[in-house]
Amino acid sequence: MSRNVTILGAGLVGSLLAIILRKRGHDVTLYERRPDMRAAHMSAGKSINLAMSARGWKALDLAGLRAEMEPIAIPMYGRYLHQPDGQTAFQPYSKNNEAIYSVSRGELNKKLMTLAEENGVNIHFEHRCTQVDVPNNALRLAHNGEEHVVTTDLLFGADGAFSALRASYTHMDRVNSSQHYLEYGYKELAILPGANGEWLMEKNALHIWPRGKYMMIALPNTDGTFTCTMFMPFEGEVSFSKLQTEADVHKLFDEQFADAKALMPTLIHDFFANPTSSLITTHIFPWHYKDRSALIGDAAHAIVPFYGQGMNAGFEDCTVLSGLMDRHGDDWATILPAYERLRKPNGDAVASLALTNFVEMRDKVADPRFLQRKKIEKELGTRYPHQFISVYEMVSFSHIPYSTAIQCIQAQDRLLEQVMAEGDFFDNIAHDSFCDRIGHWVADYHKAVQQLDFG
Ligand SMILES: Cc1cc2nc3c(=O)[nH]c(=O)nc-3n(C[C@H](O)[C@H](O)[C@H](O)COP(=O)(O)OP(=O)(O)OC[C@H]3O[C@@H](n4cnc5c(N)ncnc54)[C@H](O)[C@@H]3O)c2cc1C
Ligand SMILES: NC(=O)C1=CN([C@@H]2O[C@H](COP(=O)(O)OP(=O)(O)OC[C@H]3O[C@@H](n4cnc5c(N)ncnc54)[C@H](OP(=O)(O)O)[C@@H]3O)[C@@H](O)[C@H]2O)C=CC1
Ligand SMILES: Nc1ccccc1C(=O)C[C@H](N)C(=O)O
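Mapping of the sequence shown onto the UniProt record's numbering: position 128 corresponds to residue 128, and the numbering continues sequentially without gaps.
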């Protein structure tokens with residue numbers, strides 16, 4: 001039986017979900033608070049580009065959008081590290097030359113909206129949901145200064161980190177929710193192309209300037225530019241609050257980011273024109289109400305961006321929901337609790353992974369011992385391809401649940417500590433006895449990991 005389905009938010013996840021539901025014959029309406037970004041000249045939101053990895057691509061397959069996105073997605077095969085003295089190093093993401101892909105948020109969102117409309121989804125722009133009467137599935141919508149109420153059979157809140165449906169859930173009995181702001185903010189800056197439109201740094205990498213308590217990253221765009229993001233504490237010795245004048249910004253960049261600064265002719269303008277934005281992690285439980293409504297994407301699990309997994313996780317929510325529809329047809333009383341049971345632990349896990357990756361990116365990657373460890377991880381993966389897969393590879397290049405990947409961290413740390421305690425790995429592997437020992441440790445690791453649920 002087809003249902004009347006309403007989705008709040010025509011962002012990345014809402015638009016994708018609309019396509020999936022419409023393809024199954026549901027009558028789908030989307031309400032989006034912003035104007036139509038395809039017509040209005042406006043930014044698509046918080047970041048200009050996004051890293052898309054395996055989970056994201058899989059969901060795009062469901063929508064049939066992979067072929068359209070692939071030509072405009074730039075593979076990034078690893079981290080390209082920039083030290084303050086100008087020295088650089090490359091750290092590959094995987095043993096198999098796998099990549100995460102820099103895609104334009106705006107282009108992706110536009111394509112998803114257009115495909116949704118082509119499939120018969122109705123998108124109402126400049127309609128902001130202000131409140132939901134959850135038991136009655138009645139939503140209050142503000143449009144052109146007036147408010148009206150619509151009701152629906154089934155409702156999804158795909159309305160981002162500050163979701164109206166999420167806020168309405170929090171007013172109900174026995175709903176637990178939390179939000180936590182990081183003491184860090186971020187600001188977007190730009191590296192411009194060369195005279196012939198060429199990229200002025202390695203194009204196929206994610207660039208990082210790790211500086212301990214703060215960092216800058218840069219992802220490539222198709223037009224020869226890079227979008228840089230500076231992550232820094234709001235307050236403190238080196239912080240946004242200390243960067244008040246042009247001279248302050250020049251000094252920091254001369255001392256810490258000289259190689260990038262040479263490629264940033266618009267630095268001062270960008271720094272003072274662009275906002276300093278905050279970063280938040282949210283948790284909520286439950287994620288659904290009876291067979292009537294559910295949260296999805298950032299509305300269910302807003303996470304800090306440091307693993308590049310927020311959109312990927314939201315897209316995976318859609319893949320899982322789609323699988324449940326395959327199994328249970330239109331039985332939403334079964335589908336929604338199952339969706340919550342499968343996804344909530346993964347939302348929690350990816351939130352935690354994202355926070356941990358911040359420490360790795362801004363601090364650990366500058367440590368030679370850490371870089372050595374990454375090289376050893378790669379070598380182990382090559383020597384024992386069926387027994388050793390790193391946590392990073394699980395998160396970015398597989399569909400292993402995030403909640404399983406996070407449980408492998410301890411075992412992986414133990415293995416690497418064992419191997420590194422023996423001295424120089426790349427000298428030692430010439431010796432059979434060392435290789436035998438490693439073989440046993442890797443087998444132990446594999447055994448420990450196999451006890452976990454791989455979904
Ligand atoms: C700096 C930064 C970098 C990031 N980089 C990556 C990355 O590299 N890889 C990755 O996977 N993820 C990344 N993310 C996370 C990613 O942006 C989000 O996870 C993703 O956009 C979530 O999609 P969504 O559709 O759930 O929410 P959103 O993209 O926020 O879309 C929500 C939509 O709902 C609309 N809306 C909001 N409130 C209402 C309302 N009351 N009524 C109607 N409509 C409403 C909004 O206008 C918006 O269009 C990054 C995030 C940030 C901040
Ligand atoms: N996890 C994170 O750290 C964050 C992730 N994001 C994600 O980034 C993407 C794009 O974001 P973008 O649309 O640019 O987000 P914005 O920051 O522009 O926020 C969109 C709207 O959300 C509301 N909002 C913002 N901050 C708050 C707040 N502190 N309390 C209540 N409401 C707030 C505002 O609505 P109003 O005008 O009604 O006040 C704002 O206009 C989305 O995926 C979003 O979910 C966004 C911010 C942080
Ligand atoms: N997209 C991002 C946005 C902000 C911060 C990090 C990313 C990443 O993608 C990091 C990448 N996964 C890494 O581990 O090097």
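Don't be surprised by glycine CBs; every beta carbon is placed ideally from N, CA and C.
Residue i versus residue j - alpha carbon distance
i           : j           : result
residue 446 : residue 440 : 10 Å
residue 170 : residue 179 : 12 Å
residue 31  : residue 318 : 18 Å
residue 435 : residue 251 : 50 Å
residue 21  : residue 28  : 7 Å
residue 16  : residue 257 : 38 Å
residue 86  : residue 365 : 15 Å
residue 246 : residue 304 : 29 Å
residue 261 : residue 201 : 12 Å
residue 240 : residue 248 : 10 Å
residue 103 : residue 433 : 46 Å
residue 235 : residue 344 : 33 Å
residue 326 : residue 349 : 26 Å
residue 272 : residue 335 : 48 Å
residue 131 : residue 222 : 39 Å
residue 125 : residue 113 : 11 Å
residue 457 : residue 422 : Here the chain has residues from 1 to 455 only, and residue 457 is not among them.
residue 397 : residue 149 : 43 Å
residue 88  : residue 165 : 46 Å
residue 224 : residue 67  : 22 Å
Counterpart residues of residue i in DSSP-defined beta bridges
i           : result
residue 150 : 139
residue 29  : 6, 122
residue 179 : 282
residue 188 : 229
residue 353 : Answer by DSSP bridge pairing: none, since residue 353 is not bridged.
residue 249 : DSSP output for residue 249 lists no bridge partner at all.
residue 294 : 156, 288
residue 216 : 209, 230
residue 104 : 49
Three-state secondary structure assigned by DSSP to residue i
i           : result
residue 157 : strand
residue 412 : helix
residue 222 : coil
residue 229 : strand
residue 429 : coil
residue 93  : coil
residue 133 : strand
residue 277 : strand
residue 79  : strand
residue 368 : helix
residue 200 : coil
residue 210 : strand
residue 51  : strand
residue 43  : coil
Residue nearest to residue i in terms of C-alpha spacing, selected from the options
i           : options            : result
residue 454 : 200, 394, 381      : 394
residue 452 : 400, 90, 221       : 400
residue 419 : 372, 448, 398, 397 : 372
residue 168 : 284, 119, 188, 126 : 284
residue 275 : 118, 119, 229, 293 : 229
residue 473 : 82, 53, 253        : This structure leaves residue 473 out entirely; the chain is present only between 1 and 455.
residue 360 : 210, 19, 73        : 210
residue 72  : 220, 26, 160       : 220
residue 374 : 94, 40, 67         : 94
residue 64  : 385, 290, 108, 35  : 108
residue 26  : 66, 370, 155, 150  : 155
residue 84  : 181, 346, 214      : 214
residue 232 : 10, 362, 381, 19   : 362
residue 301 : 114, 96, 161       : 161
residue 407 : 428, 333, 278, 346 : 346
residue 382 : 8, 134, 6, 96      : 96
residue 134 : 398, 172, 277      : 172
residue 76  : 88, 174, 92, 330   : 92
residue 384 : 417, 39, 438       : 438
Whole-number beta carbon distance between residue j and residue i, since they are thought to touch under 8 Å
i           : j           : result
residue 218 : residue 207 : 4 Å
residue 48  : residue 198 : Contact doesn't hold; Cβ gap of about 19 Å is too wide.
residue 105 : residue 50  : 5 Å
residue 128 : residue 142 : 5 Å
residue 297 : residue 13  : 3 Å
residue 391 : residue 412 : 6 Å
residue 55  : residue 312 : 4 Å
residue 42  : residue 110 : Actually they are not in contact, since the Cβ atoms of residue 42 and residue 110 sit about 11 Å apart, beyond 8 Å.
residue 203 : residue 389 : Actually they are not in contact, since the Cβ atoms of residue 203 and residue 389 sit about 27 Å apart, beyond 8 Å.
residue 191 : residue 81  : Not confirmed; about 16 Å, so no contact.
residue 278 : residue 181 : 6 Å
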